[in-house]
Each structure stands twice: as structure tokens, then as C-alpha cells.
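One structure below.
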Amino acid sequence: MDEAEASERLWREHVRRRVTTEQDRATLARLIEYDADPFEVELYELAADPRTLFIDRAQRRRAGQHERRVRRLKGRHRRAEG
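Here it is, written out as C-alpha cells:
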């Protein structure tokens, strides 16, 4: 595995493990209800931004598509050998 493949694998793992933007937004909303700190409000606004939501969903979709493609190719390879 070369450096680019290793970097991509780490990125995909990070994307799949991290909390979704929707979850961040919900958590920040509860925090703001309790204590509306200006920094927390700014973080909530960033998490609620449609572009942020779109990017998060696109990254998760891309990581999932790649994982499915790798599984499908491994399955084809096993069938060809068997």
C-alpha cells in the first residue's frame, strides 16, 4: 500500500467514526438552551449551515461508496479464484 492509499484509508476511517453534523447540531442546541455562550452559538450556526450539512453527507456517502466497492471487488476476486 502506498502513501496515498494509506492516507485515503485513514480519511475514510475518520469520516465513518466521527459524529455526524446533525448530531453535533442537536447537542449544541441542547447546550445553548442551557447556557447561550456566544462561541457555542457560533458553533451551532456553523453546524446548522446547509453547506456544512451537505459536505458532511457527501463525505460520508463517498466513504461508504468506496467501502462497498472494495467489498464487491474482493468478492469478485474470491469467486474468480474459487
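Read in order, the letters of the sequence shown correspond to residues 1 to 82 in UniProt numbering. Glycine included, every Cβ here is placed at the ideal spot set by N, Cα and C.
Helix, strand or coil at residue i [DSSP, three-state]
i: residue 89; result: The first residue shown for the chain is 1 and the last is 82, placing residue 89 beyond what the model contains.
i: R18; result: coil
i: D37; result: coil
Other residues of its chain near residue i: CB distance less than 8 angstroms, five sequence neighbours each side excluded
i: A6; result: none
i: R60; result: V15, R16, T20
Separation of residue j from residue i, as counted between CA atoms
i: L28; j: E40; result: 7 angstroms
i: R30; j: E81; result: 54 angstroms
i: R17; j: W11; result: 10 angstroms
i: A63; j: P38; result: 34 angstroms
i: residue 87; j: H66; result: Examination of residue 87 is not possible in this model, given that the chain is present from 1 through 82 alone.
6 angstroms Cβ shell around residue i - same chain, five flanking residues per side excluded
i: R79; result: none
Contact between the region 22-32 and the region 40-55 is defined here as three or more beta-carbon pairs at a separation below 8 angstroms; is this criterion met? yes
Are the region 32-42 and the region 51-70 touching by the rule of at least three beta carbon pairs closer than 8 angstroms? no
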